[in-house]
Amino acid sequence: MAFKHIAIFLLFHTIIQFQLHKSIGLDETWIKAGYWQYDTTNPSTIQSINSSLYTHIIYGYAEVSFNSSIDDIIVTTSNDERLRNFNKIVKMKNPSIKTILSIGGSDQSLYGSGLNLLMTSTYFTTRKYFIDSSIEIARFYGFDGLDFCWIWPTSSLAMSNVATLLDDWRVAIDLESKKSKKTRLILTMASQHTPFIQDLSFPIESMRKNLDWIHVLAFDYYDPGTTNYTSPAAALYSDHSTNDNLNTDYGINVWIKSGFPSEKIVLGLPFFGYVWTLVSPKNNKIGAEGTGPGPKDPTYGTEGEKEPFASTNGLLEFNSIKRDMIKYRAKNSTYNSTYVMNYVSIGTTWVGFDDVESIKTKVSYAKEKNLKGYVAWQVSYDYTSILSQAAALEVKDIQEVGAIDQSASMQKKKKLNRMILILIPMISILMLLLLIFTLWCLRRRKILVPRNKIGSNNNQEKGDEETRTLQIFTFDEMKEATNSFSVENELGKGGYGPVYKGKLRNGREIAVKRLSETSSQGFEEFENEVILTAKLQHINLVKVVGFCIENGEKMLIYEYMPNKSLDYYIYNQVRRLILNWEKRVQIIEGIIQGLLYLQEYSRLTIIHRDIKASNILLDLQMKPKISDFGMARIFKKDAIEANTKKIVGTNFGVLLLQIISGKKNTCYYGPDDNLDLLDYAFEMFKDGDGMEFMDQSLDDTTHSCKLLKCMQIALLCVQKNPLDRPTMLEISSMFKNIENLVMNTPKRPAFSTRQDEDQVGNSIPNGEFDIDNATITQLVAR
């Protein structure tokens, strides 16, 4: 029993430790970047940069000038002293930080600017001088990379030139690195929130191939110069009542769907807001009518008196927003979770901005979308580094921000406490966690099953791979999410117990699988599913959000699939019409890819053993996701038992017959109702009447994937002799070449009732149901 306690402790302790490491930003690949630009009217010193909160600082900007002596466009700088001091000061606080020199900026998008001249004229043919000078300046001043910040190409020629420039730039950087034997310079680029500007498209393939990553500037969707209505200038999501294109989620999805990898996208975070003047102070919500930009600041860059939230052009940095909120005691700051933004008003002056809640939510979004990191615009706008700390997940909530705003001494005290905690010996922390967890396990030992229910061989088969992050929920959280596990929230029920629809406090919809106390396969299935789903990540596998083991409960929390399961459609005379042949082919191909990943492309061979229509869930686009890994088994790649993967091919064959026919394997068919699904399909195919077996609503005339060929593949999968059945790898190859595929004639299926007539009486009687509860694996001949 003690060994079992230790084994379970190690499993969940590994998950918790992984969560802790991720939360404090120990992932070396996660980019925490920020732009820093010197402003002559309101200068901030390089010493004010808290570089310990960043992995990369981007200096803005190097100048792009016309060199009359060589009649070419080159990169230059007008402040040698500031550039010389930049790297020394920034790296003094954080020696591991990387610095990047940005070329361009908003001024270089103007007509007649050096960069605009280079990219849109005959000077582009001499771009080598521009490239060479950029590399030379970066090396001379000690920068680790270059950033191309030209975000408003205005013609197809300019877009084409961007692609050519990036190709040449990458070649030059690689060549310079080889010659100098120095680490290769980083090459990044700033871009719009989508790859499309009206009818133009950024050169996605060239950007993907040549750039280390891109900075998606996810803001400036609206401003008081373009609309009189208070608007979400950096909305994360849309409320679907406005332009759905002007939000970050839309833009990121378009980048990814256009072929740009999410792992090369760094999300832009605005450390500023926009100010409007309201028509009425009583109407101060998002979308309220205004008269344009907020009050003009006649004292910009000085200490003179001014109105609340006064600015020069409607844009106001976070520093000024927070200072004015404190100075004028603004108490009505509101967080909007739909757009993910904050707004506050004083009289008729209204400002929308991102505070701690918004920044933390956007960073979490970047991690959920598997992006590379985030970039702040700009570091100098950050009030006492509070947004930088929030982005780095070092600020817990808005109350902590209030404490920092009210007292500088409290800020220092918090930093001192953090330093003390960091200096506590790691061994003491681990010992304390072990003691607390052991006591917790002893007090709740009822949640652990007896040793004989979880065999040691099974544990060895599961291996010791790292699990990805799973959230550990409390029982109260699940009770609240499911409305006390109400009947109205119940999605279905299986042998393991009921499944409920739930909604977390952050608005995310989930599915909660609650293991029944009477389940005969209780904790073993639960443990198996936790371990498996934590390891597996594939577009055709259901994602597990977390689990709950409090109060003797065993619950798995999945992403919610709004379109239910496959059996909900194919066995219903009306709903089956929703899934035409094209959609069913998409579902079949998705199932194949999911099973192929489990058996061939994951580190271990995973045999699902319970593939059936009710375990195929459908997302909003009707794409399939395989669920329910409770009965799955793991084998090492060279294990003999892994040959049982032909069983999955058999199960897939039965499922394929159900998809093309809309018939259940719990009913009997034929003139005398004495044939099960497999025998009926075999006899119809053998007699040349295969099309009569099909769902009559399906039409394959315009599709390369034909119903009869699918039927033939399915029958090959269920042949009596296991050696005659194709593997999932072979099945995948068949579907890829199905148009010109030549196949063997299928032999009689396993457990043919033609040979076992005495077993017909034990069958389940024919009937009409909407959901198929049969477990297909029970049909496999051994």
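Numbering (numbering that gives the first Met the number 0), first residue to last: 0 to 781.
Backbone N, C-alpha and C fix where the C-beta goes; we use that ideal spot for every residue, glycine too.
Every value quoted in this text rests on a predicted model; they were computed, and no experiment measured them.
In this structure, DSSP gives P721 a helical state, which the three-state scheme calls helix.
Under the three-pair Cβ rule at 8 Å, the region 535-549 does not count as touching the region 652-669.
A distance of 8 Å or more separates the beta carbons of V374 and H239. The three-state reading of DSSP puts T44 in coil, since its state is none of H, G, I, E or B. Inter-residue distance for D243 and K31 is about 28 Å (C-alpha atoms, whole angstroms). For N93, the secondary structure class from DSSP, reduced to helix, strand or coil, is coil. Counting only residues of its own chain and dropping the five nearest sequence neighbours on each side, N86 has a CB closer than 8 Å to the CB of T98, Y140, G141, F142. Secondary structure note for A157: it is in no beta strand (DSSP E), and the uninterrupted alpha helix (DSSP H) holding it is 155-179. Cβ neighbours of S50 within its own chain (closer than 8 Å, five residues either side excluded): I56, V89, K90, K92, N93, I96. In the displayed model, I423 falls within coil according to three-state DSSP, outside both helix and strand. Excluding five sequence positions before and after F270, the CB atoms of its chain that fall closer than 8 Å to its own CB belong to E316, F317, D353, A375, W376, Q377, V378, Y380, D381, L386, given in chain order. Contact check for N539 against K624 passes: the beta carbons are separated by less than 8 Å. By the criterion of a C-beta distance shorter than 8 Å, I358 is surrounded in its chain by L268, L386, A389, A390, once the five residues flanking it on both sides are discounted.
Apart from sequence neighbours up to five positions away, the residues of its chain that approach S132 with a beta-carbon distance below 8 Å are I73, V74, T75, ordered along the chain. By the Cβ-count criterion, S363 is exposed, with fewer than 16 other Cβ atoms from all chains shown falling within 10 Å of its own Cβ. By the CB criterion at 8 Å, P231 and I285 fall inside the cutoff.
Taking the C-beta atoms as reference points, I556 is found no nearer than 8 Å to I615.
It is roughly 35 Å from the alpha-carbon of V63 to the alpha-carbon of K366. About 6 Å separates the beta carbon of I659 from that of M710, a gap short enough to meet the 8 Å contact definition.
Taking a C-beta distance under 8 Å as the contact criterion, M118 and F147 do not qualify as a contact pair. Listed in chain order, the non-local C-beta contacts of H537 below 7 Å within the same chain comprise G593, Y596, local neighbours out to five positions each way being set aside. Assigned with DSSP and collapsed to three states, T76 falls in coil, not helix or strand. Where V215 is concerned, there is no enclosing alpha helix (DSSP H), although the beta strand (DSSP E) around it starts and stops at 212-215. If the five residues before and after G258 are omitted, its C-beta is found closer than 8 Å to the C-beta atoms of I203, E204, R207, all from its own chain and listed in chain order. In the three-state DSSP reduction, T333 falls in the strand class (E or B). About 14 Å separates the CB atoms of V511 and V529; that is not less than 8 Å, and the two are not in contact.
By the criterion of a C-beta distance shorter than 6 Å, S703 is surrounded in its chain by E738, once the five residues flanking it on both sides are discounted. In this structure, F484 lies away from R507, with their beta-carbon atoms at least 8 Å apart. L314 counts as buried, since no fewer than 16 other beta carbons sit within 10 angstroms of its beta carbon. Looking from the CA of L728, the closest CA among L617, Y600, K705, D167 belongs to Y600. Pairing Y236 with N252 gives a Cβ-Cβ distance that is not under 8 Å. Beta-bridge pairing by DSSP links P292 to W275. In the three-state reduction of the DSSP assignment, I320 falls in the helix class, which pools H, G and I.
Non-local C-beta neighbours of L706 in its own chain, meaning closer than 8 Å and more than five positions away in sequence, comprise W580, I659, G689, M690, M693, L697, D699, ordered along the chain.
Taking 8 Å as the cut-off, the beta carbon of L370 is found closer than this to the beta carbon of V265.
The straight-line gap separating the alpha-carbon atoms of L576 and I591 is approximately 23 Å.
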